[in-house]
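Undergrad:
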Amino acid sequence: MANALAVQGIKLHVYPVKDLEKAKAVFTKLLGTEPYADSPYYVGFKVGDQEIGLDPNAHRNGITAPLDYFQVADVETSFHALVKAGVEVHQPLKEVSPGLKIAIMKDADGNLIGLTQK
């Protein structure tokens, strides 16, 4: 079966955190690197071709567990194909920074699935 959505892999893992400074200290030690992005709304670490993110607003948005984002070639096409297939939208497609679009959907069991294009 061909990869209809052109999934390039899981490249982004985001952890919901309640205390961003404490979480940043833990992940800095765990990953052995300083964050490349450090703002009040997101802290990001690069580890190989993976990104580990810390999101202090995730709980408020109903995200209470780590969330993996599938990187796809065209996030808009993939998003609309999944909606057409009946996948429930948790967070609509949006641009979170220049050139970075994300969407969060729910699978048949209610598990959150992230989509990203970079």
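Numbering (our numbering), first residue to last: 32 to 149. Glycine included, C-beta positions come from ideal geometry on N, C-alpha and C.
1. Determine the closest residue to isoleucine 133 out of Asp140, Gly141, Val118, Gln122, with distance taken between C-alpha atoms.
2. Pull up the DSSP beta-bridge partners for histidine 90, would you.
3. Rank Leu113, Asp140, His44, Ala96 by C-alpha distance to the C-alpha of lysine 77 and give the top, closest one.
4. Let me confirm a value: tyrosine 100 is counted as buried when at least 16 other C-beta atoms fall within 10 Å, else exposed. Which label applies?
5. So what does DSSP say about lysine 49, is it helix, strand or coil?
TA: In terms of the structure at hand:
1. On the sequence shown, position 102 is the one that residue 133 refers to. Proximity to isoleucine 133 across Asp140, Gly141, Val118, Gln122 peaks at Gln122, based on C-alpha coordinates.
2. Counting from one through the sequence shown, the residue named residue 90 turns up at place 59. Partner(s): none; histidine 90 has no beta bridge.
3. Reading the sequence shown from its first residue, position 46 is the one you call residue 77. The residue with the shortest Cα to Cα distance from lysine 77 is His44.
4. By one-based count along the sequence shown, residue 100 stands at place 69. Around the C-beta of tyrosine 100, 16 or more other C-beta atoms lie within 10 Å, and the residue is accordingly described as buried.
5. What you label residue 49 is simply residue 18 of the sequence shown in a count that begins at 1. Three-state DSSP puts lysine 49 in coil, outside helix and strand.
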